[in-house]
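See structure below.
Protein chains in written order, with the numbering used here: chain A, 16 to 301; chain B, 16 to 301.
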């Protein structure tokens with residue numbers, strides 16, 4: 016992996032004392048959740064509640080996924096101020112999203128300011144590449160992702176999103192807000208100039224309209240999750256030709272869209288059922 | 016229960032055809048996710064992505080939890096327009112939240128427009144009642160809630176929040192956005208004039224700052240979940256004296272705040288472990 020979770024990084028989790036069901040004291044670790052206010056040039060865009068790692072990528076990815084940072088925009092600077100809990104993204108182009116910021120959408124998964132009207136336009140005429148999705152790769156990815164060290168396994172209550180290529184997890188981001196994890200990947204991809212055509216995005220979260228829109232706008236042709244679907248998420252995936260795979264559990268999964276990319280090459284007999292340890296319990300869900 | 020989920024209600028779920036891991040076609044039900052734009056008098060406040068039931072309660076609860084609808088405000092009308100996907104809450108008092116709407120916070124669990132500064136003020140000097148929380152009631156509630164028919168059990172990918180009194184679930188709301196479920200309960204409580212002092216709120220979602228803030232502002236002294244905690248959620252619960260219980264699984268749970276309300280009266284030997292069916296799998300999580 017190019018970027019993997021750092022479960023022991025200072026500042027991402029905190030030890031707190033709990034009482035268990037017998038009344039006994041028990042020390043556990045919980046994930047941090049702190050505000051980060053994102054500016055585009057001189058304009059305050061949004062305050063995200065985030066675990067706090069990779070603020071620059073979060074800001075760039077968020078702005079790109081909101082259509083406020085255009086593909087052709089030249090980023091002249093990204094300034095993170097830890098004390099002020101702000102990150103400012105500066106562009107050569109003068110920007111003003113006053114009007115856009117007046118519209119506020121609360122999605123099922125949190126994307127303040129996403130204006131669906133605009134986003135739909137962004138999706139029109141979008142064609143995602145016909146990159147095959149091998150079931151053998153899906154199973155290998157799930158196994159690698161579920162068993163690799165993570166903040167989730169340490170502290171729970173956190174979501175993960177992983178940028179993958181074939182059977183390899185490349186970039187594994189976690190955040191208290193699952194959309195932050197996706198945005199951090201988008202920010203990294205834009206910064207590094209990564210080609211989305213041969214990638215797959217894996218998320219621990221639900222496959223809602225918001226997740227489908229972000230994945231399609233990022234140009235990634237496949238989105239997979241251990242969680243379930245919403246009707247609009249399925250509808251948008253079918254409209255954009257995105258391969259949408261959910262409810263991945265051991266051998267099982269359901270493909271709701273773009274099944275023409277699927278290559279059923281896995282030997283099911285060789286796919287192990289999930290063990291309890293790697294199964295995500297409620298602690299990290301939602 | 017006064018209000019229970021209606022899993023078979025038309026318009027809340029949709030049948031879609033999926034391909035399973037063997038390539039076989041399979042019909043499943045997925046939950047709807049549709050926009051609802053909330054107005055306070057003539058001002059557009061937010062567009063929520065919701066499953067679509069109880070739009071009036073969602074709007075009233077959202078506005079109350081945002082501090083835009085004051086306890087003393089007289090609601091003169093609530094107009095839901097299904098075609099326009101809008102709901103307008105009208106008050107005797109003239110309202111204008113132009114300034115407040117300029118601030119946008121994306122929380123880990125979605126609360127567009129929640130201005131933490133204002134909210135903190137709202138929490139200052141707040142004292143929650145010393146209502147005891149019996150462990151026998153907690154176990155009874157978890158068992159009743161996990162086994163009662165729900166959209167979650169039918170279609171997954173949805174969150175539940177339940178207003179409870181002692182061992183009785185009173186109002187069980189579900190939504191694709193877990194904060195919508197809480198807001199629908201807040202709207203129902205305000206409309207019906209329900210006393211929060213002897214209640215407990217149960218959620219399937221994580222115990223983030225946002226969930227703790229909403230529960231405390233609603234005047235409910237205890238919040239329980241099968242999911243985990245964030246550090247700020249714990250901090251706010253301790254500041255406000257809210258009893259915060261998470262990771263409820265069969266006999267086990269962890270209390271991170273307000274343990275003085277806990278009464279350990281359950282006979283643990285009589286508490287069954289969760290059966291597979293009632294265990295929330297990833298499908299409904301996140």
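Cβ atoms here follow ideal geometry from the backbone N, Cα and C, with glycine treated the same way. The model shown is predicted, which means the values in this text are computed figures rather than measured ones.
If only uninterrupted beta strand (DSSP E) runs of at least 3 residues are considered, those enclosed by the stretch 125-192 of chain A are 174-180 and 183-190. Distances from the CA of residue 72 of chain A to each of A:213, A:266, A:203 and A:280 were compared; the closest alpha carbon is that of A:203. The beta carbon of residue 195 of chain A sits closer than 7 Å to the beta carbons of 63, 65 and 73 from its chain, once the five residues preceding and following it are set aside; these are given in chain order. Of all C-beta pairs linking the stretch 21-30 of chain B to the stretch 219-234 of chain A, fewer than three are shorter than 8 Å, placing the two stretches out of contact.
Within chain A, the residues placing a beta-carbon under 7 Å from that of residue 46 of chain B are 245 and 246, ordered along the chain. When secondary structure is reduced to three states using DSSP, residue 240 of chain A falls in the strand class. Put simply, the CB of residue 38 of chain A is near chain B, with a gap under 8 Å to one of its CB atoms. Taken atom to atom, the span from the alpha-carbon of residue 47 of chain A to that of residue 37 of chain A is near 27 Å. Shown here, residue 266 of chain B sits in coil according to DSSP, grouped into three states, outside any helix or strand. Chain-ordered, the chain B residues with CB closer than 7 Å to the CB of residue 172 of chain A read 221, 242, 243, 244 and 245.
Burial is judged here by how many other beta carbons sit within 10 angstroms of a residue's own beta carbon; residue 39 of chain A has fewer than 16 and is exposed. Boundaries for residue 41 of chain B: no alpha helix (DSSP H) harbours it, while the beta strand (DSSP E) harbouring it runs 40-46, taken from the DSSP string. Excluding five sequence positions before and after residue 79 of chain A, the CB atoms of its chain that fall closer than 6 Å to its own CB belong to 201 and 205, given in chain order.
The shortest C-alpha to C-alpha distance from residue 35 of chain B to any of A:259, A:287, A:55 and A:289 is the one to A:259. For residue 268 of chain B, the residues of chain A that pass the 8 Å Cβ criterion are 35 and 36, in the order they occur in the chain.
Exclusion of the five residues before and after residue 69 of chain A leaves 199 as the residues of its chain whose Cβ lies within less than 6 Å of its Cβ. Within chain A, the residues placing a beta-carbon under 9 Å from that of residue 49 of chain B are 246 and 247, ordered along the chain. In this structure, residue 167 of chain B sits away from residue 177 of chain B, with a CB-CB distance that is not shorter than 8 Å.
Interface residue (Cβ-Cβ distance to chain B less than 8 Å): residue 136 of chain A is not classified as such. DSSP, read as helix, strand or coil, puts residue 89 of chain B in coil. Neighbours of residue 271 of chain B across chain A, judged by C-beta separation under 9 Å: 31, 32, 33, 34, 43 and 45. Closer than 8 Å to the CB of residue 197 of chain A there is not a single CB belonging to chain B. In terms of Cβ geometry, residue 169 of chain B and residue 19 of chain B do not form a close pair [threshold 8 Å]. At a Cβ-Cβ threshold of 8 Å, residue 112 of chain B and residue 156 of chain B do not count as neighbours.
Short of 7 Å from the beta carbon of residue 211 of chain B, and not among the five residues preceding or following it, lie these beta carbons of its own chain, in chain order: 204, 233, 234 and 235. In this structure residue 184 of chain B is buried. Its beta-carbon is surrounded by 16 or more other beta-carbon atoms within 10 angstroms. DSSP, reduced to helix, strand and coil, places residue 94 of chain A within a strand of the structure shown. The Cβ-Cβ distance between residue 107 of chain A and residue 89 of chain A falls below 8 Å.
For residue 64 of chain A, the nearest CB of chain B lies under 8 Å from its own CB, placing it at the interface with that chain.
Going by DSSP, residue 22 of chain A is part of no alpha helix (DSSP H) at all; its letter is neither H nor E. Distance from the CA atom of residue 252 of chain A to the CA atom of residue 109 of chain A, rounded to whole angstroms, is 33 Å. Ranked by Cα distance from residue 91 of chain B, the options B:145, B:276, B:267 and B:103 are led by B:103. For residue 242 of chain B against residue 172 of chain A, the beta-carbon gap comes to about 6 Å, under 8 Å, which counts as contact. Membership of residue 255 of chain A in the alpha helix (DSSP H) is indicated by the continuous run 246-255.
Taking 8 Å as the cut-off, the beta carbon of residue 193 of chain B is found no closer than this to the beta carbon of residue 237 of chain B. At a cut-off of 8 Å between C-beta atoms, residue 224 of chain B counts as an interface residue with respect to chain A.
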